[in-house]
Every structure is written in structure tokens, then in C-alpha cells.
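*Asks:*
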């Protein structure tokens, strides 16, 4: 069965794009899923990490118009089972477009349709609280929340939970993940100890190389702690999805 996984936080700079691009690789290479990575952030980071740029003259937010099929903008990556629906500057106006259309479940309808071709749709989400974030919640089967270790981590997570709970009567499961974890730092160890059940992804130079080499960490350094952390996180995601399906 297909599933939509949203990488979402109300804060920027927490590693959402790194998570989205590397989890797409895990989906395709570990589970063998045909996977769509859908970039909903105007910065276009997911495409950049795969060495791709938007092509053509059709703006990315046109996929939310009834007459524009998402398939027309989807690009192939260097991996046969990973495709990209890229972002561009037009995404900045997406909230107004969604309000204009007046369809509260437009994104959910699109992801369901894409599920006919892709076993996993992974959404790289912008750090916003607006109509787009509300539609992301309605579309997602699971929400992954990257949280750098800090005294504000719990508060940021609570904000996400309130945003999600406020936009759907039966919200999807939420999986918080400590990102950029550096166990050499006392504060990071303390936050990790406060949330022993949360998955973790370490701070690692191998992850920084993803943007330099335009490849996922599983390709750059397959035996690294970062690659293992994403593989473990992907396993936790698949288990969560299986639990939801019952």
C-alpha cells in the first residue's frame, strides 16, 4: 500500500531537506519502493541535493490547479526508483493559490493519485503554519519532525503537535527525531536522556557532503553512523506505517 510521509517542522534550519532526500534514498534502496520526493519548499533544496534544477516554464505551484497534472513536472534522478517533483520560487505563492482554489484536501487528493505510481511519497515541507501546512497534515500518513537538541526542542515539538491536531480530527502519527545530535556536548546528552525513545541522527561531516557531492549519505559513506542512523530511522518509519495499517 502507498503512503505519504511528511518531513515537517515549524522551525527552519532543523534538517528537513537532509531528512527528506536521505529518506527517499532509504525508501528506494533499502525497501525497493518506487519513491517520489516532492519538494514543497521554495528554496528547492531537495532538488539541489540530487543535482537537479526545475525545468521548463510551468511553475511548480501549477500542480495545485485542476488543469495541471503533477506528472508533467516530475523529473528522474540518478536513481531508477527515485523521482523528484521540484520546487521553484512560485511555491512562495502556494498559500494564496490553495485559498483561491478553496479545496481543503487538494494536496491529499494529489498524493493519493500519485500513490498509484509511487509506493512512497515523501514531502519536503517548508517551515510554515498556514493553509499549506494544514493540507500537508491532511495528506500525510506519517509526520517526521526533526528537532535539534536544545531546551526549545520540546516546545517546538509541542507547537507541531498543536498545529497537526488543529487541522484534522484524526491526525496521522507523529515521529519526533533528534537531528544534528553531538554526544560530545553536555546539552545534547541531556536532551537525549530526556527523550530516550526518540530516534536520532548525528551531526556528521558525511551529511554535509551530501550537498557538496549531490548524493545521499548512503552512497557517500554507507558504513558511517549517519547512514546507519537514517537506515534505522527508515525501519522505524516502516514499522509505524505497518502499525497504522493494522
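Numbering (full-length UniProt numbering), first residue to last: 1 to 246.
All C-beta atoms in this analysis are idealised placements derived from N, C-alpha and C, irrespective of residue type, glycine included.
Keep in mind the model is a prediction, meaning the values are calculated, not measured.
1) Hey, would you say residue 39 sits closer than 8 angstroms to residue 70, going by beta carbons?
2) Here's the rule: buried if 16 or more other CB atoms are within 10 angstroms of the residue's CB, otherwise exposed. What is residue 166?
3) To the nearest angstrom, report how far apart residue 74 and residue 185 are at their CA atoms.
4) Counting contacts by CB-CB distance shorter than 8 angstroms, is residue 146 in contact with chain D?
5) With DSSP as the reference, please indicate the residues paired to residue 39 in a beta bridge.
6) Closest to residue 23 by CA distance: which of 126, 35 and 225 is it?
7) For my contact list, residue 42 and residue 126 are in at a C-beta cut-off of 8 angstroms; report their separation, rounded to the angstrom.
8) Spatial neighbours of residue 77 within its chain, please: CB distance less than 6 angstroms, with the 5 preceding and 5 following residues excluded, ordered by chain position.
9) With a 10 Å radius around its C-beta and 16 neighbouring C-beta atoms as the bar for buried, classify residue 194 as buried or exposed.
10) Residues in its own chain within less than 7 angstroms of residue 149 by CB, not counting five upstream and five downstream?
11) What is the DSSP secondary structure of residue 179, reduced to helix, strand or coil?
12) Comparing alpha-carbon positions, which option in 155, 106, 119 and 211 lies nearest residue 139?
13) Using DSSP with H/G/I as helix, E/B as strand and the rest coil, what is residue 147?
14) Using alpha carbons as the reference points, say which of 28, 173 and 60 lies closest to residue 142.
15) Go to residue 201, then tell me how far its beta strand (DSSP E) extends in each direction, as first and last residue.
16) Cβ atoms of residue 25 and residue 235: under 8 angstroms apart, would you say?
17) Can you say whether residue 99 is buried or exposed, counting buried as having 16 or more other CB atoms within 10 angstroms of its CB?
18) I need the straight-line Cα distance from residue 120 to residue 183, nearest angstrom please.
19) Roughly how many angstroms lie between the CA atoms of residue 204 and residue 91, to the nearest whole one?
20) Taking the beta carbon of residue 306 as the centre, do at least 16 other beta carbons fall within 10 Å, making it buried, or is it exposed?
21) From this set, 210, 93 and 161, which residue's C-alpha is nearest residue 19's C-alpha?
22) Assuming the contact rule is C-beta atoms closer than 8 angstroms, residue 7 and residue 158 should be a hit. Round their C-beta distance to whole Å, please.
23) Would you mind stating whether residue 132 and residue 88 have Cβ atoms separated by less than 8 angstroms?
24) Would you identify the three-state DSSP class for residue 154, choosing helix, strand or coil?
25) Less than 8 angstroms between C-beta atoms, sequence neighbours within five positions excluded: which residues of the same chain meet that for residue 202?
26) To the nearest angstrom, how far is it from the Cα of residue 9 to the Cα of residue 128?
27) Whole angstroms is fine: what's the gap from residue 17's alpha carbon to residue 161's?
*Replies:* In terms of the structure at hand:
1) No, the pair does not count as a contact, with Cβ atoms beyond the cut-off.
2) With fewer than 16 other Cβ atoms within 10 Å, it is exposed.
3) Rounded to whole angstroms, residue 74 to residue 185 spans 42 angstroms at the Cα level.
4) Checking the listed chains, one finds no chain D in this structure; it contains a single protein chain.
5) Answer is 124.
6) Taking only the C-alpha atoms, the option nearest residue 23 is 35.
7) That pair is a contact at about 7 angstroms.
8) Excluding residues within five positions, the ones whose Cβ falls inside 6 angstroms are 50 and 84.
9) Answer is exposed; the Cβ neighbour count stays below 16.
10) Cβ contact annotation for residue 149 (same chain, cutoff 7 angstroms, sequence separation greater than five): 178, 181, 187, 188, 191 and 192, in chain order.
11) Assigned with DSSP and collapsed to three states, residue 179 falls in strand.
12) Distances from the CA of residue 139 to each of 155, 106, 119 and 211 were compared; the closest alpha carbon is that of 106.
13) Per DSSP, reduced to three states, the secondary structure at residue 147 is strand.
14) Of the listed residues, the one whose Cα sits closest to residue 142 is 173.
15) 200 to 202 is the span of the beta strand (DSSP E), which, as asked, contains residue 201.
16) Cβ distance not < 8 angstroms, so residue 235 and residue 25 don't count as in contact.
17) Residue 99 is exposed by the Cβ-count criterion.
18) If you draw a straight line from the Cα of residue 120 to the Cα of residue 183, it is about 32 angstroms long.
19) Rounded to the nearest whole angstrom, the CA to CA distance from residue 204 to residue 91 is 30 angstroms.
20) The question about residue 306 has no answer, for the chain in this structure spans 1 to 246.
21) Closest by alpha carbon: 210.
22) At roughly 18 angstroms, the Cβ-Cβ gap does not stay under 8 angstroms, so residue 7 and residue 158 are not in contact.
23) No, the pair does not count as a contact, with Cβ atoms beyond the cut-off.
24) Of the three classes helix, strand and coil, the one that applies to residue 154 here is helix, per DSSP.
25) Apart from sequence neighbours up to five positions away, the residues of its chain that approach residue 202 with a beta-carbon distance below 8 angstroms are 180, 181, 182, 183, 225, 226 and 229, ordered along the chain.
26) Answer to the nearest angstrom: the Cα atoms are 8 angstroms apart.
27) Distance between the alpha carbons of residue 17 and residue 161 is about 20 angstroms.
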